Structure formats: structure tokens, C-alpha cells
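What follows is a set of notes on a single structure, which appears directly below.
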Amino acid sequence: MVGVLIRMKLAVLRRAASGPRANNMASGAVLGAIGAAGTIAITRLDTAPDTVLDLLAVVLATWMLGWVLAPAYAGQPALRAEQFALLPIPPRRLAFGLLATAFVGVPAAVTLLAFAAIVVYALPFGPAAVLLALLGTALLLTFVVLLSRLAAVALGALVRSRLGGAISGLITAGLLAVASSGWIVFVALESVLVTGFSAEFSAVVRALPSGWPLVAVRAADEGDWVMAVVPVLGLAVLVALLWLVWARALGPNRLARPVVRGSDAEHAVPRGPAGAVPAVFRKELRFYWRDPLRIQSLVVAPVFAVLTCLVPLFFGSTAFLPFLGALTALMGAVTSINWYGQEGTALWLTLVTPGSERPDVRGRQLAWLVWFAPAALLLTVAGTVLSGRPELWPWALTATVAVLGGAAGLLPWLSADQLVPGPDPRQHKDSPLDHGDLTGPAFVMMFLAIGTTGPALALPVLAEIMDRPALAWLGVPAGLLTGTLCYLLLGALAYRILANRGPELLYLLRRGREHQGQAGAEASALDTMPRSRRRLLLVSVMAGCIALFPQAVVPTLMKLSGEVAQVWFLALHLPQELQWPMIAVMYLIGFALLGLAWRLYANAQREFNRKRARKGAALPA
29 MVGVLIRMKL
39 AVLRRAASGP
49 RANNMASGAV
59 LGAIGAAGTI
69 AITRLDTAPD
79 TVLDLLAVVL
89 ATWMLGWVLA
99 PAYAGQPALR
109 AEQFALLPIP
119 PRRLAFGLLA
129 TAFVGVPAAV
139 TLLAFAAIVV
149 YALPFGPAAV
159 LLALLGTALL
169 LTFVVLLSRL
179 AAVALGALVR
189 SRLGGAISGL
199 ITAGLLAVAS
209 SGWIVFVALE
219 SVLVTGFSAE
229 FSAVVRALPS
239 GWPLVAVRAA
249 DEGDWVMAVV
259 PVLGLAVLVA
269 LLWLVWARAL
279 GPNRLARPVV
289 RGSDAEHAVP
299 RGPAGAVPAV
309 FRKELRFYWR
319 DPLRIQSLVV
329 APVFAVLTCL
339 VPLFFGSTAF
349 LPFLGALTAL
359 MGAVTSINWY
369 GQEGTALWLT
379 LVTPGSERPD
389 VRGRQLAWLV
399 WFAPAALLLT
409 VAGTVLSGRP
419 ELWPWALTAT
429 VAVLGGAAGL
439 LPWLSADQLV
449 PGPDPRQHKD
459 SPLDHGDLTG
469 PAFVMMFLAI
479 GTTGPALALP
489 VLAEIMDRPA
499 LAWLGVPAGL
509 LTGTLCYLLL
519 GALAYRILAN
529 RGPELLYLLR
539 RGREHQGQAG
549 AEASALDTMP
559 RSRRRLLLVS
569 VMAGCIALFP
579 QAVVPTLMKL
589 SGEVAQVWFL
599 ALHLPQELQW
609 PMIAVMYLIG
619 FALLGLAWRL
629 YANAQREFNR
639 KRARKGAALP
649 A
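Residue numbers (our numbering): 29 to 649.
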């Protein structure tokens with residue numbers, strides 16, 4: 029049976045390699061190989077032996093954590109126990125077969141290459157240490173695979189619960205914060221190579237199962253054979269226990285209580301002021317509390333903002349704390365981008381009710397503001413007070429109110445115009461990635477929301493240039509004005525899109541990925557772009573973001589606040605008279621690259637609309 033399951037897994041991989049996920053698989057393999065090579069390179073660092081061991085233990089623990097988190101973002105395994113529920117296969121035999129298939133694929137191969145660092149680390153210590161390293165590598169790989177499978181079972185139990193949505197939001201916020209502030213790792217690495225880790229931290233990373241093979245190798249080198257054998261035996265026992273637990277967990281999943289999105293008859297009766305907008309408003313307020321995807325957005329935004337703004341504290345800078353609220357509002361908009369796509373074919377309820385498009389949009393806008401505006405304003409006040417920088421009050425308030433208003437207008441417009449189809453909420457999905465690829469719309473939302481703050485923030489900038497601090501407070505009413513205009517005008521554009529293109533959007537939601545897979549049935553302009561232009565678009569966005577935000581905006585805020593930390597900001601490493609010119613160059617590069625990305629996307633969107641219009645004209649009346 030193991031051979032049959034492995035062939036099934038290979039067939040699934042072949043199909044995925046020839047489909048739209050081929051690029052993701054290839055890029056993941058390349059990045060994984062680079063990470064594995066970096067892990068092996070740690071063993072040859074010219075520093076203290078204890079530091080090398082601890083640093084290698086930290087990296088191996090990171091690989092282990094990656095396997096635990098993988099089911100939440102890479103989706104469930106290709107072959108799952110429920111697919112064989114009707115076959116007369118004993119659970120332990122099925123568990124053994126599914127475990128064997130887990131070692132087939134790019135993730136296991138890349139991880140094995142990374143864990144080979146244990147063997148490379150043991151080479152100078154003799155044959156006995158190498159033998160222990162080989163055994164420890166095999167056991168550690170089996171351990172992380174089993175741990176990942178158990179994490180997938182737990183995720184399947186929690187995915188439909190509100191607790192699962194909150195946990196997923198915390199994990200997502202942490203990963204996003206690490207991705208955006210990962211440069212701090214390289215700053216810390218420089219000091220670690222000189223001073224090493226603390227004794228407490230060293231004890232913790234060595235006590236994790238990922239560090240046990242390294243402890244065994246070091247003990248073998250020191251001639252302590254009891255400590256050399258015990259960690260390897262302990263890892264073997266742990267693997268056996270995990271396998272037994274996983275085999276028992278392959279039965280029906282009864283751990284989670286399904287989310288109830290509705291209500292009983294008594295509470296379903298609309299209360300409060302009469303009217304369609306209040307009815308949609310109350311429905312959306314409940315939806316944010318009851319739907320796990322909406323709960324994720326409620327958790328991700330403030331947690332990401334707090335984690336990101338705390339990073340500069342490591343360098344003694346509090347200049348970013350006042351912008352906690354603005355960043356919360358921005359991330360709240362990015363994570364809420366696909367309103368109509370998340371709700372699936374429920375859109376038909378709006379379309380079959382005459383004149384309901386406007387109340388639907390306005391009710392959603394109000395509900396989003398009620399959930400995110402108080403949190404954003406509260407974090408703005410708290411962050412500004414804690415920063416001890418009263419001169420940043422107008423900057424913080426201006427940015428917060430401008431982002432809130434701009435996002436409240438952009439959300440319904442982009443949710444309707446850039447709709448991404450996904451499964452209906454009634455369909456069980458364990459991974460956020462199974463709800464559609466929102467990367468493109470999320471970037472569009474982020475850039476446009478930041479752009480809406482430009483007119484209002486221009487006043488504090490002008491006040492700084494003119495050295496007239498009182499003028500900076502004019503940015504707050506300017507932000508309210510621009511936010512109100514975005515709320516009204518873009519909201520009106522959104523309900524016009526629903527009225528004019530509603531049936532087409534509903535058909536796209538109903539057919540979903542099946543419809544996207546058909547020739548000529550592309551869901552968005554990105555699907556029609558040639559691969560070379562899509563890559564150029566991605567590179568332009570990434571390079572533009574790096575040039576604009578960390579290399580231009582952050583140094584600007586540091587110089588204005590007077591708290592300068594050079595770190596990896598190019599301009600701050602130059603002589604004083606060249607810093608502002610370099611910051612200006614970075615602004616120009618960032619805007620130029622993002623402008624190029626927008627130009628590519630706009631051209632693709634025009635071509636996509638032209639094809640869609642020709643297709644509509646060709647249909648019989």
C-alpha cells in the first residue's frame with residue numbers, strides 16, 4: 029500500500045508542477061535550498077564552538093517551527109486520511125503509508141539538506157559522532173514531519189472556530205512582522221558572533237528536540253557517552269509517541285464546534301432604527317465577531333502594528349510608536365480586502381433585491397469603521413503618550429484619520445472591482461491560501477491607502493519646512509476631509525460596480541477556480557499578463573517598497589525625530605550633507621519603480637477590460 033500511496037503523491041505533484049502553482053513550487057525550492065545552504069554554512073563560522081552550536085540549534089528550531097506552521101499556510105497534505113475513510117484500511121497501516129508519502133516532495137528534501145548540517149558539524153569529531161549525527165538527522169526529520177501532521181489535525185479542528193481564527197491571526201501577524209523587520213536578525217547576528225548567547229538562552233535552545241542531535245554530537249566529542257546516547261534515544265521515543273498519537277487522530281475530527289454564523293429566530297429579527305443601511309450595519313457587526321476570517325483581520329492588524337513599531341525600540345527610537353494607530357488602520361484595510369469574495373455566492377441576496385447595492389456598501393463601510401476606528405485612535409493616543417514626543421501629535425492624528433477614511437472608501441471599491449473568487453464559507457478549508465490569492469489586491473490596497481494620506485500629511489511636512497509647528501495641526505481636518513471624500517465617492521463607485529457588473533461577479537464566484545481554469549475565463553488582469561511582465565511587476569513592487577519605505581520614509585522620520593540609528597539605512601551611513609539628497613534619491617527610485625508597476629498593471633487591466641467587453645458583445649442577446 030505504501031507504494032500505491034507514494035505513486036498517488038507523485039501524480040499529484042506532477043499535476044501541480046504543470047499548473048499555476050509551478051512558479052510557487054520552483055521559487056519555494058530555490059529559497060529552501062538557499063536556506064539549507066545557509067544552515068550548513070553556520071557550521072563553518074569562525075567563532076567560539078559554543079556559539080556555533082547555539083546558533084545552529086536556533087536555526088534548526090526555526091526549521092522545526094516552519095513545519096509546525098506550514099499546514100496553516102501551505103494547506104493540508106495532498107493525501108489525507110479522510111480521503112480513505114471508506115476503505116477497509118487499519119488506522120495504523122494507513123498512518124504508516126501517509127507518513128511515507130510525507131517524505132516525498134520538495135519540503136522534505138530541502139529540510140533533509142538543511143538537517144545535513146548536523147552531519148557536517150560532526151565531521152571533525154570522529155566516526156562515532158558522525159554515526160550519531162546520521163541517526164539524529166533521520167530521527168529529527170521524522171519528528172518534524174510527524175509534528176507537522178499533528179499540527180494539521182489540530183488546525184482542522186480549530187479552523188471553523190473563532191478561537192482558530194484568533195490563533196491564525198496571531199501567527200499571521202507574527203510572520204508578517206518578522207518578514208517586514210527581519211533585517212534586525214542580521215544586526216543581532218553581528219553582536220552574537222562576538223559575545224555569544226546568554227547561558228539561559230543557550231540552555232533553552234539546546235533543550236528543544238531540534239537541539240538534541242547537536243547535544244549528542246558535542247557529548248560524543250567530549251567522551252560523555254551517556255549524554256551522547258540519551259538525546260538520540262529520547263528523540264526516538266518522542267517519534268514513536270508522536271506516531272501513535274497521530275495514528276489515533278486519523279479518525280473523524282470531533283474537536284471543534286462549528287461556527288454558527290446565523291442566529292435564532294428571536295435574535296434574527298432586526299432591531300434598532302429602521303432602514304436598509306442599519307440592517308446591513310448590524311449584520312456586518314455580528315459577522316466580524318462570528319466569522320473566523322473576519323476575526324483574523326481583527327487580530328492581525330493591531331498585533332502586527334504593535335510588533336512592527338516595537339522593533340525600533342531595540343535601537344532606542346520611539347519615533348514610530350505614535351503611528352501605531354495608522355498602521356493598524358492600514359493593515360485592517362489590507363486584511364479585509366476581499367469582502368465579497370469571502371462571502372461567496374451570498375452576493376445573490378444583494379443582487380436580487382432592487383436598490384440594495386447602496387445600503388450594502390454603506391453598511392459595510394460603517395461596520396468596518398466601528399470595528400477599526402476606535403482601536404486605531406486608541407493606539408494612536410497610547411503610542412504618542414508612551415513615545416514622549418508631543419511634537420508628533422499632529423503627524424500621528426493626521427495619518428490615522430486619513431488612512432481610516434481612505435481605507436473605508438477603498439475597501440468596497442477594490443472588493444468589488446478586484447474580486448478574488450474562493451470557496452463558499454460552507455465549504456471547509458483549512459488554509460488561508462485556499463481562499464484565493466489576494467497578494468495583488470492587497471498590494472494595491474496598501475499603496476492606494478498610503479496615497480490617500482499624501483494631501484493631509486503634506487501640511488505637517490510644510491509646517492516642518494517653514495518651522496511653524498502650529499500649521500501642522502491643519503493636517504487633521506485635511507485628513508478628515510480627504511477621508512470623507514474617499515468614503516463617499518469611492519463608496520458610490522463601488523455600489524455602481526455591483527449594480528452594473530453584479531451578475532458577472534456572481535458567475536465568477538459561483539464557478540470559482542473551475543471557471544478560472546477555462547480558456548478565456550481569467551479572473552483578473554494579472555491572469556492575462558505574460559509571465560515576463562508579471563515577474564517585472566513583482567520585482568518592481570518589491571524593490572520599490574524597499575527603496576520607498578525602509579530606505580526613504582524611515583530615515584526621514586528618524587532625522588525629523590532626532591533619533592538616528594544607522595542600521596541598514598543607506599542614507600544614514602553617508603556624510604551629513606549627503607543624507608537628505610540620498611533620501612530624496614530613494615524617494616525617486618521608490619516612486620519610479622512603483623509607478624512602473626502601476627503602469628504595467630493598468631495596461632493589463634485595460635487589455636483585460638477590452639477582452640471582457642468584446643466577449644460580452646459577442647454573446648447573443
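Heads up, the beta-carbon is just placed ideally off N, CA and C, and yes, glycines get one too.
Computed from a predicted model, the values in this text were never measured in an experiment.
In this structure residue 55 is exposed. Its beta-carbon is surrounded by fewer than 16 other beta-carbon atoms within 10 angstroms. Residue 167 and residue 263 do touch by the CB rule: their CB atoms are close to 4 Å apart, below 8 Å. Residue environment: residue 227 is assigned as exposed (fewer than 16 neighbouring CB atoms within 10 Å of its CB, all protein chains considered). Residue 521 and residue 515 have their C-alpha atoms roughly 10 Å apart. By a beta-carbon distance limit of 8 Å, residue 309 contacts residue 391. Their separation comes to about 4 Å. Secondary structure note for residue 388: its alpha helix (DSSP H) is the uninterrupted segment 385-415. Taking a 10 Å sphere around the C-beta of residue 441, we find 16 or more other C-beta atoms and assign the residue as buried.
With contact defined as three or more Cβ pairs closer than 8 Å, the stretch 354-373 and the stretch 229-238 are not in contact. 362 is the residue among 150, 603, 324 and 362 whose C-alpha sits nearest the C-alpha of residue 437.
Per the C-alpha coordinates, the member of 422, 607 and 518 positioned closest to residue 486 is 422. Pairing residue 160 with residue 245 gives a Cβ-Cβ distance under 8 Å.
Listed in chain order, the non-local C-beta contacts of residue 266 below 8 Å within the same chain comprise 171 and 237, local neighbours out to five positions each way being set aside. Remark: three or more beta-carbon pairs, one from each stretch, lie closer than 8 Å, so the stretch 396-409 and the stretch 423-436 are flagged as touching. Ranked by Cα distance from residue 139, the options 119, 123 and 95 are led by 95. The beta carbon of residue 205 is closer than 6 Å to those of 332, 335 and 336 in its chain, skipping five residues each way along the sequence.
If you draw a straight line from the Cα of residue 254 to the Cα of residue 63, it comes to about 33 Å.
Between residue 395 and residue 525, the C-beta spacing is not below 8 Å. Cβ contact annotation for residue 305 (same chain, cutoff 6 Å, sequence separation greater than five): 387, 390 and 391, in chain order.
Taking the CA atoms as reference points, residue 432 sits about 11 Å from residue 398. For residue 303, there is no enclosing alpha helix (DSSP H), as DSSP marks it with neither H nor E.
The straight-line gap separating the alpha-carbon atoms of residue 192 and residue 311 is approximately 22 Å. Restricting attention to alpha helix (DSSP H) runs no shorter than 4 residues, the stretch 81-150 encloses them at 119-130 and 134-150, ordered along the chain.
If you draw a 10 Å sphere on the C-beta of residue 247, you find 16 or more other C-beta atoms in it, and that means buried. If the five residues before and after residue 572 are omitted, its C-beta is found closer than 7 Å to the C-beta atoms of 618, 621, 622 and 625, all from its own chain and listed in chain order.
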